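**Q** Here you go, one structure.
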Amino acid sequence: MGGSISRFLRDVRFIWRMLSALKPVQQIAQQYDTWNIVSFWNKTCTNYKTNVALQFAGSSSKMNKMTFEELNGMSNRCANAALELGWNSGDVVGLYMSNCIEYVALMIGMAKIGITCSLLNTNIKGESLMHCIKESGVKRLICTFDHVDVIKDLIIQYQTHDDKLKKDDVYVLVRNDESGLTPSYGSTFHFKEFDDEEPSAIHRENVSAMDPFLYIFTSGTTGLPKAAKINHLRFFASSLIFVKLLQLQQKDVLYCPLPFYHSSAIVLGVGISWHTGCTFVFRDKFSTREFWNDCLTYNVTIVQYIGELCRYLLNAQSADIKEKMHCVRMAIGNGLRPDIWERFQSRFQIQQVAEFYAATEGNFGFINTENKVGAVGFLSPLIKKKHPGKIIKYDFETGGPYRDENGWCVPCQAGEVGELVGIIETKDVTRRFDGYTNRYDTEKKMIRNVFRKNDCYFRSGDLLWTDKEGYLYFHDRVGDTYRWKGENVSTTEVEATITTSLKEEVDECVAYGVSVPGCEGKAGMLLIKPAATISTGREGSFDLEHLFSVVKEKLPNYAQPQFIRLCGEEERIGVTGTFKYRKIQLVEEGFNPRNIAAAEVGEEAGRTIRLFFRDKKQFIPLDDTLYKRIISGEVQL
Numbered sequence: 034m035g036g037s038i039s040r041f042l043r044d045v046r047f048i049w050r051m052l053s054a055l056k057p058v059q060q061i062a063q064q065y066d067t068w069n070i071v072s073f074w075n076k077t078c079t080n081y082k083t084n085v086a087l088q089f090a091g092s093s094s095k096m097n098k099m100t101f102e103e104l105n106g107m108s109n110r111c112a113n114a115a116l117e118l119g120w121n122s123g124d125v126v127g128l129y130m131s132n133c134i135e136y137v138a139l140m141i142g143m144a145k146i147g148i149t150c151s152l153l154n155t156n157i158k159g160e161s162l163m164h165c166i167k168e169s170g171v172k173r174l175i176c177t178f179d180h181v182d183v184i185k186d187l188i189i190q191y192q193t194h195d196d197k198l199k200k201d202d203v204y205v206l207v208r209n210d211e212s213g214l215t216p217s218y219g220s221t222f223h224f225k226e227f228d229d230e231e232p233s234a235i236h237r238e239n240v241s242a243m244d245p246f247l248y249i250f251t252s253g254t255t256g257l258p259k260a261a262k263i264n265h266l267r268f269f270a271s272s273l274i275f276v277k278l279l280q281l282q283q284k285d286v287l288y289c290p291l292p293f294y295h296s297s298a299i300v301l302g303v304g305i306s307w308h309t310g311c312t313f314v315f316r317d318k319f320s321t322r323e324f325w326n327d328c329l330t331y332n333v334t335i336v337q338y339i340g341e342l343c344r345y346l347l348n349a350q351s352a353d354i355k356e357k358m359h360c361v362r363m364a365i366g367n368g369l370r371p372d373i374w375e376r377f378q379s380r381f382q383i384q385q386v387a388e389f390y391a392a393t394e395g396n397f398g399f400i401n402t403e404n405k406v407g408a409v410g411f412l413s414p415l416i417k418k419k420h421p422g423k424i425i426k427y428d429f430e431t432g433g434p435y436r437d438e439n440g441w442c443v444p445c446q447a448g449e450v451g452e453l454v455g456i457i458e459t460k461d462v463t464r465r466f467d468g469y470t471n472r473y474d475t476e477k478k479m480i481r482n483v484f485r486k487n488d489c490y491f492r493s494g495d496l497l498w499t500d501k502e503g504y505l506y507f508h509d510r511v512g513d514t515y516r517w518k519g520e521n522v523s524t525t526e527v528e529a530t531i532t533t534s535l536k537e538e539v540d541e542c543v544a545y546g547v548s549v550p551g552c553e554g555k556a557g558m559l560l561i562k563p564a565a566t567i568s569t570g571r572e573g574s575f576d577l578e579h580l581f582s583v584v585k586e587k588l589p590n591y592a593q594p595q596f597i598r599l600c601g602e603e604e605r606i607g608v609t610g611t612f613k614y615r616k617i618q619l620v621e622e623g624f625n626p627r628n629i630a631a632a633e634v635g636e637e638a639g640r641t642i643r644l645f646f647r648d649k650k651q652f653i654p655l656d657d658t659l660y661k662r663i664i665s666g667e668v669q670l
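The opening residue of the sequence shown carries number 34 in this note's numbering; numbering runs sequentially from there.
Right, here's the structure in full:
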């Protein structure tokens with residue numbers, strides 16, 4: 034009886050707080066054509082004028098923190114500088130930058146003159162980067178000095194393509210402490226000498242709440258990175274929901290060591306600061322050594338994380354007393370593994386972990402407001418009636434939703450794993466799905482005729498389940514994507530990179546993720562079928578050094594495979610009846626030499642096993658001894 038009452042109170046509390054978040058969203062929706070993110074920002078500046086908005090931890094710059102008023106002035110100067118350069122409303126500007134205060138100022142400043150910012154992942158380069166630039170319609174690109182060479186190489190590589198970015202479209206941001214520097218490529222983006230008065234609203238008169246404020250890239254479930262549309266109202270609503278459900282306040286100090294191209298940093302972290310007037314503390318990159326020092330120095334009360342980040346902190350030696358002297362009361366993030374959850378809370382004495390589930394491009398989400406270990410939220414019978422999210426049975430053989438004899442999808446019961454989907458209702462601003470800039474990619478994320486004729490749902494590509502109390506738990510990803518180092522890795526992109534770069538040496542390759550004890554997500558593994566002219570015997574001639582260099586040069590760190598498996602000369606990679614690679618079996622075999630040896634004894638007994646592990650300098654043979662060292666944690670990935 035007591036449990037039922039507590040669950041009822043939990044649900045009522047959630048509904049009450051959710052309604053308080055949705056009320057202003059619905060009010061804006063009624064006047065969407067006259068409201069945009071600048072309306073929100075200007076109100077924030079009025080309410081919290083002298084509050085510290087941004088604090089750049091570890092920065093040696095004199096301008097390592099700014100109040101809302103100062104940040105507003107900088108954003109105006111950025112906007113006026115862009116107008117002077119002839120940039121126009123409706124343009125898209127790419128930001129390929131390290132974390133800095135100017136990043137946020139540019140984002141606001143561009144919105145003030147009707148320009149959308151495309152937040153480019155600074156880990157990607159070459160073809161993948163050019164794809165992102167083209168996919169989001171970038172007309173001009175701003176980078177920081179530390180990324181000039183990557184952009185230079187990119188432009189030179191694609192200089193013969195008429196529809197690609199040119200040298201004249203590249204601008205290097207000159208920050209306050211870089212005034213004496215001259216970029217080796219492109220033009221400089223100087224803004225300091227410009228007027229800090231807000232440019233005329235006429236520049237954004239045609240920008241509404243439903244227009245794109247940002248493009249943030251996500252790999253989705255298949256293919257190259259996709260540009261998710263973050264409209265002005267979505268930015269406002271997403272962070273407001275966290276503020277209301279978690280009761281965040283002005284006196285909080287939020288710490289974010291994540292890159293700004295991540296939605297968790299910009300949409301969630303910065304958004305929370307704008308709603309509450311609290312200080313947003315950030316670093317240029319995550320540092321295990323400085324994490325707790327920063328929390329202590331800046332009186333941090335809330336930290337943002339991804340699962341890997343928590344593991345790194347736990348793996349660090351506990352000699353630093355600062356990890357217990359802080360005043361952090363809450364951690365907000367996603368990907369914290371249940372097996373380290375309680376150790377994380379206990380060791381660092383954090384009262385509440387607010388694990389959440391959301392997709393950058395999705396139309397729904399969940400937040401664990403109850404401190405339930407392992408849960409990403411709850412979907413109880415009472416909540417189910419109004420929440421857009423549903424869990425439907427998944428057919429692991431076909432790789433898609435299961436349908437009954439009448440063609441309808443089937444809801445999962447408690448304890449049953451299925452795919453999470455969210456109903457799409459275009460007329461409801463909280464349930465619409467703007468998708469990506471690419472219509473084909475958008476359509477692939479939608480499923481119709483789910484529970485009734487012509488209904489439409491967003492496919493998350495994730496498998497989840499609920500317990501008897503309605504708590505929701507993440508199980509795994511489906512399709513051609515796995516998660517590693519806090520990033521979604523597209524196997525399609527990895528495969529394309531390898532086969533394109535090694536077209537003379539590789540006939541086929543299959544990329545997939547394998548579980549490694551003690552690690553969040555899945556580590557990358559490649560099954561390679563060498564070209565017929567290349568031997569893979571014990572003294573084989575397949576060029577692993579070349580493969581290693583291609584992997585390091587062409588793929589971002591998180592997408593670089595940890596394990597390589599070479600096919601024998603006569604071996605064929607198994608495919609289904611529809612000519613899709615049989616990845617399920619490969620995933621089950623993993624990187625265990627004994628599993629693979631057993632799998633390969635059969636039709637062609639005696640084939641040579643070729644397994645390799647990527648260390649810092651090369652691919653080395655993977656035998657039973659090395660395998661045991663990896664799974665024991667002696668060798669860390």
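Ideal Cβ positions, reconstructed from N, Cα and C, are used throughout, including at glycine.
Nothing here was measured: the structure is a model prediction, and the numbers come from that model.
Given a cut-off of 8 angstroms, decide if Asp500 and Ile456 are closer than it, judged by their beta-carbon atoms.
**A** No, these two residues do not count as a Cβ contact at 8 angstroms.
**Q** Leaving out five residues before and five after Gly253 in sequence, what residues of the same chain have Cβ atoms less than 6 angstroms from its Cβ?
**A** Confidence at Gly253 is low in this model, with a pLDDT of 41, below 50, so its placement is unreliable and the value that follows should be read with caution. These residues qualify, in order along the chain: Lys259.
**Q** Around the Cβ of His579, are there at least 16 other Cβ atoms within 10 angstroms (buried) or fewer (exposed)?
**A** Counting Cβ neighbours within 10 Å, His579 comes out exposed, since fewer than 16 surround it.
**Q** Does DSSP put Met140 in a helix, in a strand, or in coil?
**A** In the structure shown, Met140 sits in a helix (DSSP, three-state: H, G or I).
**Q** Could you name the residues of the same chain whose beta carbon sits closer than 8 angstroms to that of Phe596, not counting the 5 residues immediately before and after it, in chain order?
**A** Excluding sequence neighbours, Phe596 sits near Val547, Ala556, Gly557, Met558, Leu559, Phe624, Leu644, Phe645, Phe646, Arg647, Leu655.
**Q** How should Leu206 be labelled, buried or exposed, when 16 other C-beta atoms within 10 angstroms of its C-beta is the threshold for buried?
**A** The residue in question, Leu206, is buried, as its Cβ has 16 or more Cβ neighbours within 10 Å.
**Q** Smallest Cα separation from Thr533: which of Glu160, Thr155, Ala138?
**A** Per the Cα distances, Glu160.
**Q** With DSSP as the reference, identify every bridge partner of Ile263, one or two as the case may be.
**A** Looking at the DSSP assignment, Ile263 forms a beta bridge with Leu247.
**Q** Please state whether DSSP places Asn404 in a helix, a strand or coil.
**A** Note: Asn404 maps to coil in three-state DSSP.
**Q** DSSP puts Gly546 in a beta bridge; with which residues?
**A** Bridge partners of Gly546: Gly557.
**Q** What is the DSSP secondary structure of His180, counted as helix, strand or coil?
**A** DSSP places His180 in helix when its eight states are reduced to three.
**Q** Going by DSSP, name the residue or residues bridged to Pro444.
**A** Paired residues: Ile425.
**Q** Of the residues Phe269, Ile663, Asn121, Leu279, which one's Cα is nearest the Cα of Asn75?
**A** Minimum Cα distance to Asn75 is reached at Phe269.
**Q** Name, in chain order, the residues that DSSP records as bridge partners for Arg643.
**A** Beta-bridge pairing links Arg643 to Leu599.
**Q** Can you give me the C-alpha to C-alpha distance between Asn471 and Phe381, rounded to a whole angstrom?
**A** Looking at the two C-alpha atoms, the distance is approximately 43 angstroms.
**Q** Out of Ser523, Glu502, Lys518, Leu496, which has the shortest C-alpha to C-alpha gap to Val511?
**A** Residue Leu496 is the option with its Cα nearest to Val511.
**Q** Once DSSP output is grouped into helix, strand and coil, what is the label at Phe268?
**A** It is helical.
**Q** Report the option in Gln283, Lys661, Ile274, Glu394 whose CA atom is closest to the CA atom of Glu476.
**A** Considering only alpha carbons, the answer is Glu394.
**Q** Pairs of beta-carbons, one from the region 113 to 128 and one from the region 74 to 91, closer than 8 angstroms: are there three or more?
**A** Touching, no.
**Q** Kindly identify the DSSP beta-bridge partner or partners of Ser161.
**A** Bridge partners of Ser161: none, in fact.
**Q** How long is the line joining the alpha carbons of Thr309 and Phe73, rounded to whole angstroms?
**A** Cα to Cα, Thr309 sits roughly 12 angstroms from Phe73.
**Q** Just mark Asn628 as buried or exposed, buried being the case when its beta carbon has 16 or more other beta carbons within 10 Å.
**A** Asn628 comes out exposed.
**Q** Do Ile425 and Val443 have their CB atoms nearer than 8 angstroms?
**A** The answer is yes: Cβ separation under 8 angstroms.
**Q** What I want to know is whether the C-beta of Gly147 ends up closer than 7 angstroms to one or more non-hydrogen atoms of the ligand SAM.
**A** This structure simply doesn't include the ligand SAM, nor any ligand for that matter.
**Q** Just reading off the beta strand (DSSP E) that Thr514 is part of, what are its end residues?
**A** 514 to 517 is the extent of the beta strand (DSSP E) around Thr514.
**Q** Determine the contact status of Phe178 and Leu214, defining contact as a CB-CB distance below 8 angstroms.
**A** In this structure, Leu214 lies closer than 8 angstroms to Phe178 by Cβ.
**Q** Check for me: the beta strand (DSSP E) holding Pro654 runs from which residue to which?
**A** Note, Pro654: beta strand (DSSP E), 652 to 654.
**Q** Looking at the unbroken beta strand (DSSP E) that takes in Ile456, where does it start and where does it end?
**A** 451 to 456 is the extent of the beta strand (DSSP E) around Ile456.
**Q** Pop quiz: Ala90 and Phe315 are said to be a contact at Cβ under 8 angstroms. What is the actual Cβ separation, rounded to whole angstroms?
**A** Contact flag correct, Cβ pair sits at about 7 angstroms.
**Q** For my contact list, Thr530 and Lys585 are in at a C-beta cut-off of 8 angstroms; report their separation, rounded to the angstrom.
**A** Between Lys585 and Thr530 the Cβ distance is about 12 angstroms, and since that is not below 8 angstroms, they are no contact.
**Q** Do the region 119 to 137 and the region 337 to 344 make contact, defined as three or more Cβ pairs closer than 8 angstroms?
**A** Short answer: they don't touch.
**Q** Using the Cβ count rule (16 or more neighbours within 10 Å means buried), how would you classify Arg615?
**A** Arg615 should be labelled exposed.
**Q** Please identify the residue among Ser122, Cys150, Asn367 whose C-alpha is closest to the C-alpha of Val386.
**A** Of the candidates Ser122, Cys150, Asn367, the one whose C-alpha sits nearest the C-alpha of Val386 is Asn367.
**Q** Can you tell me which of the three DSSP states Cys111 falls into?
**A** Three-state DSSP puts Cys111 in a helix.
**Q** Nearest-angstrom Cα distance between Cys311 and Leu104?
**A** When rounded, the distance between both Cα atoms is 14 angstroms.
**Q** Specify, as a first and last residue, the run of the beta strand (DSSP E) that Gly366 falls within.
**A** Segment 363 to 367, the beta strand (DSSP E) holding Gly366.
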